[in-house]
Amino acid sequence: MPIAELSGAVQYVMDLLGIFAFALSGAFLAVRKDFDIFGTVILSEAAGLGGGVFRDLVLGVAPVAFTDLGYFFAPCVAAVIVYFGHRLRHDDKVDEARLFDVSDAAALGLFSVTGTTKALTHGFNIPAAVTLGCASAVGGGVLAQLLALEQPTLLRWNRDLYALPALAGATLAALLYKTEVLNAATAIGTSLFAFGLRLLALRYNWRTPRSHFWRNPFAGMRQQPTTANPAPDSAAAPSMDADTVRLHSRKGDTSTQPLSATETVRLPHIDAEPPTRPGDRVLPLAEAPRPAPDPRLVLRRSSQQDQKERGRPPQGQ
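Per the working numbering, the very first residue in the sequence shown carries number 52; after that it's consecutive.
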């Protein structure tokens, strides 16, 4: 069977390259979090070996990370290279992010193929092998981000496609195995396909659509558009969500947009002056019209004065 070509040196080399690439991404994450050398090594080991250890445990075999020294020392070498390699400046943050993304994408493509291939050689069916291949491809990155107290990129809608390239690589590897054309060349080509798909997603910001339910979870509780002449006997002002605010950027625009972290909405003070239009005359405070007194107080005051004039003590005293 052509898949037997991957059971020897080819799969071993692809595993080492994937582990080293994932370890580089974990080391870059540790440096960005300002970890020490031991924290950088631990995060590199977690990123490089996490997916493979999970795959081997599901397959019921001894994890090769604990039986082969090459699997163990590859993340250590990546951690030392990143930690002592270059001092990052503020203008190097973009380059560091690119290196992180490229190394992570390379490992994603390699592990999606090797994980699926190893599951197929152990007798797993096609759906189970594809699932295990995706898990081995994204498991190391998820574990490293959890150790660094970051929300995994796999779970966030506002990050470029991450799980889909792994799923595409694993599915293509399984289809090639089904048609008996999976060999060293087609496996490397499948890895490059998943790697390129991840890079295209990073380049053009391809993302999964956001949940429609999240965008409008409480439609009846959101603030409604204000009318020109509101009813005077309205009971209470409508409520509005805490994470949204109505931004009237142009006349007649009543769309509800989420408030980003860089936007600031200034609410007017209660004692601020009312807005005026061109041509309006602003009256001084002394000439400003005052509200009419309460007629009940006027009647009570006049009745007390009448009782004083008649010589009777006012009521209530």
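Each residue gets a CB set at the ideal place from its N, CA and C atoms; glycine is no exception.
None of the values given here were measured: they were computed from a predicted structure.
The closest CA to that of threonine 259, considering only Leu223, Asn209, Glu231, is found on Asn209. Judged by beta-carbon spacing, glycine 190 lies beyond the 8 Å limit of glycine 90, meaning their Cβ atoms are not closer than that value. Counting only the Cα atoms, threonine 165 lies some 18 Å from valine 193.
For the pair of segments examined, the region 228–238 was found to touch the region 164–178: the number of CB pairs separated by less than 8 Å reaches three. Short of 7 Å from the beta carbon of leucine 206, and not among the five residues preceding or following it, lies no beta carbon of its own chain.
For glutamine 196, same chain residues with a beta-carbon under 8 Å away, outside a window of 5 residues either side, are Leu80, Gln202, Pro203, Thr204 in chain order. In the structure shown, glycine 190 adopts helical secondary structure according to DSSP, grouped into three states. The criterion of a C-beta distance shorter than 8 Å is satisfied by leucine 223 and phenylalanine 244. Going by C-alpha positions, glycine 220 is about 12 Å away from leucine 183. Comparing alpha-carbon positions, the option among Arg83, Leu161, Pro114, Asp87 lying closest to phenylalanine 73 turns out to be Leu161. With respect to the 8 Å criterion, phenylalanine 71 and alanine 129 are classified as neighbours on the basis of their beta carbons. If the five residues before and after aspartate 152 are omitted, its C-beta is found closer than 7 Å to the C-beta atoms of Leu253, all from its own chain and listed in chain order. When the beta-carbon positions are compared, arginine 249 and alanine 186 stay at least 8 Å from each other.
Taking 8 Å as the cut-off, the Cβ atoms of leucine 75 and valine 133 count as close.
For proline 178, the secondary structure class from DSSP, reduced to helix, strand or coil, is helix. Counting the other CB atoms within 10 Å of its CB gives glycine 121 a total below 16, which places it among the exposed residues. Assignment of aspartate 85 by DSSP, reduced to helix, strand and coil, places it in the coil class. For the 8 Å CB-CB criterion, alanine 188 and leucine 159 form a contact. The three-state secondary structure of proline 203, taken from DSSP, is coil. Spanning the alpha carbons of isoleucine 88 and cysteine 127 requires a straight line of approximately 10 Å. Straight across, the Cα-Cα distance linking threonine 237 with glycine 136 is about 35 Å. Proline 126 carries a helical assignment under DSSP once its states are collapsed to helix, strand and coil. The shortest C-alpha to C-alpha distance from aspartate 211 to any of Phe175, Ile177, Leu251, Val104 is the one to Leu251. Bounds of the alpha helix (DSSP H) holding proline 216 are 214–229.
Alanine 98 and alanine 116 have their alpha carbons spaced roughly 12 Å apart. Leaving aside the five residues that flank isoleucine 177 on each side, the residues in its chain whose CB is nearer than 6 Å to its CB run, in chain order, Ala225. A residue is called buried when at least 16 other Cβ atoms come within 10 angstroms of its Cβ; phenylalanine 246 meets this threshold and is buried.
In the DSSP assignment, threonine 241 falls within the unbroken alpha helix (DSSP H) covering 235–255.
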